[in-house]
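Trainee:
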Amino acid sequence: MNTVDRRKKLIDHLIKSNEPTKGSRFAELFNVSRQVIVQDIAVLRAEGYEITATPQGYIITGKELEGFIEEIVSRHESNEEIMEELNIVVDNGGEVIDVTVDHPFYGEFNGKLMIKSRLDVKNFLSQMEESNAEPLSRMNDGIHLHKIKAPSREILDEIKRQLKEKGFIVE
Numbered sequence: 001m002n003t004v005d006r007r008k009k010l011i012d013h014l015i016k017s018n019e020p021t022k023g024s025r026f027a028e029l030f031n032v033s034r035q036v037i038v039q040d041i042a043v044l045r046a047e048g049y050e051i052t053a054t055p056q057g058y059i060i061t062g063k064e065l066e067g068f069i070e071e072i073v074s075r076h077e078s079n080e081e082i083m084e085e086l087n088i089v090v091d092n093g094g095e096v097i098d099v100t101v102d103h104p105f106y107g108e109f110n111g112k113l114m115i116k117s118r119l120d121v122k123n124f125l126s127q128m129e130e131s132n133a134e135p136l137s138r139m140n141d142g143i144h145l146h147k148i149k150a151p152s153r154e155i156l157d158e159i160k161r162q163l164k165e166k167g168f169i170v171e
């Protein structure tokens, strides 16, 4: 398969998929290296496709934003609290789209999360631990923003109520 055909199949897959796809999976599908896929993604972005890399893989940006979305200010200090916060969202049918922290010198740092299940929470925390990475929230004394999506306003309100009850929401 030539480069043009591979990129067309790659973008077709991303458009049709409801789930993120890892670069290693694309590499396996197209019998190329992961680095070739990274280059393909860069070219497709340059062509105007809004492709986002998440911990779960690549997605087309915009598809994930259907639903009721709100940004909350949150604070926690431990990985156990991170797990509890994320599980409250997913246990109620919500999704944590991203995390943003404000750095006093550099400005905003944003990480795409796309966490929508307990398995995603577990994998996220495992990957963070395995890579010896610190959560972005540690840059700002635990204070951070999350964009949260839910299928209805009622579910979003319930998620916020439970997060507030546990002391995660900063007002």
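Letter 170 of the sequence shown, counting from 1, is numbered 170 in full-length UniProt numbering, and no numbers are missing. Built from N, CA and C at the ideal position, the CB exists for glycine as well.
With DSSP collapsed to three states, give me the class of E64.
Mentor: Reliability of the predicted coordinates at E64 is poor, the pLDDT of 49 falling under 50, and the value obtained from them is presented with this limitation in mind. Three-state result, E64: helix.
Trainee: On the three-pair Cβ rule with 8 Å, is the segment 114 to 126 touching the segment 67 to 74?
Mentor: The segment 114 to 126, when compared against the segment 67 to 74, does not touch it at the 8 Å Cβ threshold.
Trainee: I need the straight-line Cα distance from Q127 to P55, nearest angstrom please.
Mentor: Rounded to the nearest angstrom, the two C-alpha atoms are 8 Å apart.
Trainee: Identify, in the order they occur along the chain, each residue of the same chain with its Cβ nearer than 7 Å to the Cβ of A150, setting aside the five sequence neighbours on each side.
Mentor: Once the five neighbours on either side are set aside, the close Cβ partners of A150 are G67, F68, G93, G94, L156 and I159.
Trainee: Which one of V96, I11, D40 and D91 has the shortest CA to CA distance from S74?
Mentor: When each option's Cα is compared against that of S74, the closest is V96.
Trainee: Measuring alpha carbon to alpha carbon, tell me which residue in H144, D102 and E85 is nearest Q162.
Mentor: Looking at the Cα atoms, E85 is the closest of the given residues.
Trainee: Does DSSP put F109 in a helix, in a strand, or in coil?
Mentor: Residue state, collapsed to three classes: strand.
Trainee: List in chain order: all unbroken beta strand (DSSP E) runs of 3+ residues lying wholly within the UniProt domain "Helix-turn-helix type 11" (6 to 59).
Mentor: Segments of the beta strand (DSSP E) lying fully in the UniProt domain "Helix-turn-helix type 11" (6 to 59): 51 to 54.
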